[in-house]
Amino acid sequence: MVATATVVAVAFSAWFIAGWGGDPTLDIVTNLGCVVLGAFATVCAGLAARGATGRRRLTWGCIGVGLAGWLLGSLVWGYLELVADDPPFPSLADVGYLMFPVGVCVGLAVYPVGHAGHSRTRMLLDGLISATAMFQISWVVVLRDVYAAGGTTAFAFGLSLAYPIADVIVITMAVLVLARARAGQRRTLTVLTLGVIVMALADSLFVYLSARDLYEEQIGRVVDIGYLVGLLAIGAAALCAIGEPVTESSTVRVPPRWATYLPYAPIAIAGVVCAPTNLRQPEMAALFFSTIVLVVAVLLRQFFVVAENRRLLVVVAEQAMRDPLTGLANRALFNDRLSHAMQFHVREGRAVAVLSLDLDDFKLVNDNLGHPAGDQLLVLVAERIVGCVRTGDTVARVGGDEFAVLLEGKIEQSRRVAHRLMASFDELFLIDGHDLLLRPSIGLAVADDTEISASALLKHADVAMYSAKRSRTGGVHTFDPEMHLVPHGDTEWVGAGNTGTSTVRLLGQLRHAIDHAELSLLYQPKFALRDGAFVGAEALVRWPHPECGLLAPDQFLPLVREHGLMKSLTDLVMARALDDTVGWQADGFRVPVAVNMFAPSLCDLTLPDRTLRLLDEHGLSPDLLTIEITEDLLLDNVERTRQVLDSLRASGIRVAIDDFGSGYSALGYLCKLPIDEVKLDRQFIAPIVVDPRAAAVVRSVVNLGHQLGMTIVAEGVENEATTTMLRDYGCDVAQGFYFSHPLTADGLREMLRRPTLRAPVSARSS
């Protein structure tokens, strides 16, 4: 549409310059060109108003009304010039023409540039100052001579003044609004300001030439070309506005220095222009000189105030966009930069990636070392993240222990940054004399060739991060649409400390699920590495959520811990596991089952009696049950826990430490608690094939456990090479996807019915 209008404008302009067809033809072509381009600009403004909302719609509506008035004025002028053959000045056409600057001024005054009402008032005052000064310049340079020439009525003179005054005001308004525009608005306002300036200059030149009867000369064609160019630019600006971002930036922006001093520049120019006129009159010289001194003094004083205000605004803007603890960008600044990056992505196809990072077990640091230590840790984490990214990348702290990184450029580079960031956490953090090894969960989302909004990209990164957290292995997870099985909004339900309505809703659903025994169990089979024999199964609780699908434990256990549901959930899982054990036993299969127990539950001195009573009710031997303690949960009272565990073991129930090595007190538990079994966490097991240090740690723990008379179980075994190494190290038992995925009770029964139940042959071969 713009291209077509440009071709039309160029064609009309070429006709004007060449003078084809003589004056009668040129008059027709001139009026036709103004009507066609005027209609184009009016239609474009109408389209922009229809596609906009709020004050943007009002802005383009006002500009459209002004353009429509100008178009009507052109039609009237064309009639007077072509039919009446003697267009008077002033005429009815001038009413339409003057609607244009009025409509544009009103539209610009309400244009949303992200400032409060008092700032908009200041902008109007700046415009009044500039317009008054520019009127003085116009009076000295043009209007005084026009008035002195005589030959015009007072009304015509007033109308002649109205054009340059209106043009001065509209130019000033356009420039001031452009100076305060946001980045996403600047392209539209730049083109609009260009069009307004060209139209205003053409208007002023028309008045000057008409007053001196020079408009019919060849120079008058320049005015007509100016109108065409101005209308074309305004129409193009309206079309640009249709694709303008609707969302407002929430960051505080400091206006450029030139925009701050712009209103005062015309005053200085007016003083210079008016000086010769006043100094030629002796009676005015003294008054003019003293007035100049006074104005200069006021201006200098105002300059100092403006400079100080601008300095303070810079400080406030910096504070508003930064996290006070770490000095990183805050969420508002991150969202603003992400929005700009996505605009470049749409226009230029530049890849954009977002990393969402959350610290695992940060709450434990806060609870056990205090909030000052937690703050110190966050500062160190921020420094470590900044050290892993490029200078132009944006790092932000977007929550308590959540960080986000904006990366632009090649996708592979973003992945390398993510893995470099993960590797940087291998180094210990020194906090108040304590060496802490903290792991992050990192989610990566990439906008490459797909159309995606900034908020959706950030949401994808968060979903990927929660996926990494749910896996219990941390690491970097890249967003995949399948991760929407747990929507981002729902992942907030499970976050510790979340007090939103979504948490209340999920908590109610969880209570109902526990009360009505709607939770389900899966069983992870365990095999002896020596001969591949089946030796038992670990019970894994799942929640078949009606909206989110099958939820893993770490998606709802935080709510269980925080809202007093531990005992109810433990009783439910224990009863369900023993029910299934009875069923297997009825089919002739003896299946030892392991049930995970919350650490605080082990301080309950009634636990042994309740557990034995439950076993007795099911007619099961105590040696069929193993109680697993999650090692990454700190025990509140180790001495009382020892008493409870002693009672359990005395009755024949086995005790195991689950996820050994994932927390902070692994060796302490081995020394202080009566333990039968140690289950090595998957983060130790997974890298032993490629990492000699990890292999050495696992081998040492296996040897240590055997010296203490404990059975060693490896979790998360997923391949043959790992299995072979564990068997060579003397590890007793293994579980993981290499042997079997978690099974339902019926699925485990079917597995037990196989004629020769053994682990994969390669796991037993030497």
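Those letters in the sequence shown? Residues 122 to 887, by the numbering used here. Idealized CB from N, CA, C, for every residue including glycine. Values in this document were obtained by computation on a predicted structure and should not be read as measured data.
Identify, in the order they occur along the chain, each residue of the same chain with its Cβ nearer than 6 Å to the Cβ of S861, setting aside the five sequence neighbours on each side.
To locate residue 861, count along the sequence shown from 1; it is residue 740. Closer than 6 Å at the Cβ level, and outside the excluded window around S861, lie P646.
What does the Cβ neighbour count give for N430, buried or exposed, with the cut at 16 atoms within 10 Å?
The residue you call residue 430 lines up with position 309 of the sequence shown. The residue is exposed, with fewer than 16 neighbouring Cβ atoms inside 10 Å.
Neighbourhood of W136 by C-beta distance below 6 Å, restricted to the same chain and skipping five residues each side:
To locate residue 136, count along the sequence shown from 1; it is residue 15. V150, listed in sequence order.
Spatial neighbours of P674 within its chain, please: CB distance less than 6 Å, with the 5 preceding and 5 following residues excluded, ordered by chain position.
Here the question's residue 674 lines up with position 553 in the sequence shown. Sequence-distant partners of P674 (beyond 5 residues in either direction) whose C-beta falls short of 6 Å from its own C-beta, in its chain, are V662.
Check S477 in the structure and name its three-state DSSP category.
As a first step, residue 477 must be located in the sequence shown, where it is residue number 356. S477 falls in the strand class under three-state DSSP.
Could you pull the start and end residues of the beta strand (DSSP E) that T747 belongs to?
Stepping through the sequence shown from its first residue, residue 747 is reached at position 626. Note, T747: beta strand (DSSP E), L746 to T751.
Run through DSSP, which three-state label would T515 get?
Reading the sequence shown from its first residue, position 394 is the one you call residue 515. Note: T515 maps to strand in three-state DSSP.
Are A391 and I258 close, meaning C-beta to C-beta below 8 Å?
Locating residue 391 in the sequence shown gives position 270, counting from the first residue. Locating residue 258 in the sequence shown gives position 137, counting from the first residue. Less than 8 Å divides the Cβ of A391 from the Cβ of I258.
Where Q306 falls, given that 16 or more other Cβ within 10 Å makes a residue buried:
The residue labelled residue 306 in the question sits at position 185 within the sequence shown. Its Cβ being crowded by 16 or more others within 10 Å, Q306 is buried.
Would you mind working out which of F524, T599 and C509 sits nearest R452, comparing C-alpha positions?
Along the sequence shown, one-based indexing puts residue 452 at 331. Nearest C-alpha to R452: F524.
Taking the alpha carbon of L631 as the reference point, which residue from P397, Y232, H666 and L769 has its own alpha carbon closest?
Translated into the one-based positions of the sequence shown, residue 631 becomes position 510. The shortest C-alpha separation from L631 is found at H666.
For the beta strand (DSSP E) holding I563, just list the boundary residues, first then last.
As a first step, residue 563 is located in the sequence shown; it is residue number 442 there, counting from the start. I563 -> beta strand (DSSP E) spans P561 to A568.
Does the distance from the CB of L873 to the CB of F648 come in under 8 Å?
The residue given as residue 873 occupies position 752 in the sequence shown. The residue given as residue 648 occupies position 527 in the sequence shown. For L873 and F648, no; Cβs fall outside 8 Å.
Touching by the beta-carbon criterion (3+ pairs, under 8 Å), the region 541-560 and the region 584-591
Judged by Cβ distances under 8 Å, the region 541-560 makes no contact with the region 584-591, as fewer than three pairs qualify.
For L728, tell me which candidate among Q764, F455 and L203 has the shortest Cα-Cα distance.
Walking along the sequence shown from the start, residue 728 turns up at place 607. The shortest Cα separation from L728 among Q764, F455 and L203 belongs to Q764.
Compute the Euclidean distance between the alpha carbons of A707 and G520, then round it to the nearest angstrom.
Here residue 707 is taken as the residue at index 586 of the sequence shown, counted from 1. Here residue 520 is taken as the residue at index 399 of the sequence shown, counted from 1. Taking the straight line from one Cα to the other gives about 53 Å.
I need the straight-line Cα distance from R870 to W705, nearest angstrom please.
Residue mapping note: residue 870 aligns to position 749 of the sequence shown, counting from 1. Residue mapping note: residue 705 aligns to position 584 of the sequence shown, counting from 1. Cα-Cα distance, rounded: 7 Å.
Excluding the five sequence neighbours on either side, which residues of its own chain have a C-beta within less than 7 Å of the C-beta of A214, listed in chain order?
Position 93 of the sequence shown, counted from the start, is the residue given in the question as residue 214. So the list reads G194, V197, W198 and L201, once near-sequence residues are dropped.
Do R518 and S545 have their CB atoms nearer than 8 Å?
For the purposes of this step, residue 518 is taken as residue 397 along the sequence shown, with counting starting at 1. For the purposes of this step, residue 545 is taken as residue 424 along the sequence shown, with counting starting at 1. No, they are not a contact pair.
Distance CB(L280)-CB(P211) smaller than 8 Å:
Here residue 280 refers to the residue found at position 159 when the sequence shown is read from its first residue. Here residue 211 refers to the residue found at position 90 when the sequence shown is read from its first residue. A Cβ-Cβ contact shorter than 8 Å links L280 with P211.
Spatial neighbours of I635 in its chain, beta-carbon cut-off 8 Å, leaving aside the 5 residues before and after:
Sequence index remark: in the sequence shown, residue 635 carries index 514 (1-based). Apart from the 5 residues on each side of it in sequence, I635 sits with its Cβ closer than 8 Å to the Cβ of L686, S689, L690 and L693 in its chain, given in chain order.
Could you pull the DSSP bridge partners for W641 from this structure?
Sequence index remark: in the sequence shown, residue 641 carries index 520 (1-based). According to the sequence as given, residue 641 is Ser; it is not Trp. S641 pairs with R663.
Endpoints, the beta strand (DSSP E) within which R775 is located:
Mapped onto the sequence shown, residue 775 falls at position 654. R775 to F781 is the span of the beta strand (DSSP E), which, as asked, contains R775.
Span separating the alpha-carbon of V298 from that of L485
The count along the sequence shown starts at 1 and reaches residue 298 at position 177. The count along the sequence shown starts at 1 and reaches residue 485 at position 364. The straight-line gap from Cα to Cα measures roughly 52 Å.
So, L788 versus I833, is the Cβ gap smaller than 8 Å?
Within the sequence shown, numbered from 1, the residue matching residue 788 stands at position 667. Within the sequence shown, numbered from 1, the residue matching residue 833 stands at position 712. Contact annotation: L788 and I833 have beta-carbon atoms that are not nearer than 8 Å.
Distance, Cα to Cα, M737 vs T702?
Here residue 737 is taken as the residue at index 616 of the sequence shown, counted from 1. Here residue 702 is taken as the residue at index 581 of the sequence shown, counted from 1. Sequence check: residue 737 is Asp here, not Met. Straight through space, the alpha carbons of T702 and D737 are spaced by roughly 13 Å.
Between the Cα of D812 and the Cα atoms of V393, T843 and L315, which residue gives the shortest distance?
For the purposes of this step, residue 812 is identified with residue 691 of the sequence shown, where counting begins at 1. With respect to the C-alpha of D812, the residue from V393, T843 and L315 having the closest C-alpha is T843.
Return the CA-CA distance between C183 and G228, expressed in angstroms with no decimal places.
In the sequence shown, residue 183 corresponds to position 62, counting from 1. In the sequence shown, residue 228 corresponds to position 107, counting from 1. So the two alpha carbons sit approximately 5 Å from each other.
Taking M718 as part of the beta strand (DSSP E), name the residues at either end of that continuous run.
Translated into the one-based positions of the sequence shown, residue 718 becomes position 597. Here the beta strand (DSSP E) through M718 covers V714 to M718.
Strand pairing of L551, partner residues [DSSP]
On the sequence shown, position 430 is the one that residue 551 refers to. The partner list for L551 (beta bridge, DSSP) reads D556.
Which runs of the beta strand (DSSP E), 3 residues or longer, sit entirely within the region 809-880?
DSSP runs (the beta strand (DSSP E)) wholly in the region 809-880: 832-835.
Since A697 and L733 are thought to touch, with beta carbons under 8 Å apart, how far apart are those beta carbons, to the nearest angstrom?
Position 576 of the sequence shown, counting from 1, holds the residue named residue 697. Position 612 of the sequence shown, counting from 1, holds the residue named residue 733. For clarity, residue 697 is Arg in the given sequence; the question names Ala instead. That pair is no contact at about 18 Å.
E841 beta carbon less than 8 Å from that of G77:
Past the edges of the chain, shown from 122 to 887, lies residue 77, and the structure says nothing about it.
Please say whether L527 and L459 have beta carbons closer to each other than 8 Å?
To locate residue 459, count along the sequence shown from 1; it is residue 338. To locate residue 527, count along the sequence shown from 1; it is residue 406. Cβ distance < 8 Å, so L459 and L527 count as in contact.
Can you tell me whether DSSP reads E529 as helix, strand or coil?
Working through the sequence shown from its first residue, we reach residue 529 at position 408. Residue state, collapsed to three classes: strand.
Whose CA, out of W664, L650, G653 and A660, lies closest to the CA of E639?
Looking up residue 639 in the sequence shown gives position 518. When each option's Cα is compared against that of E639, the closest is W664.
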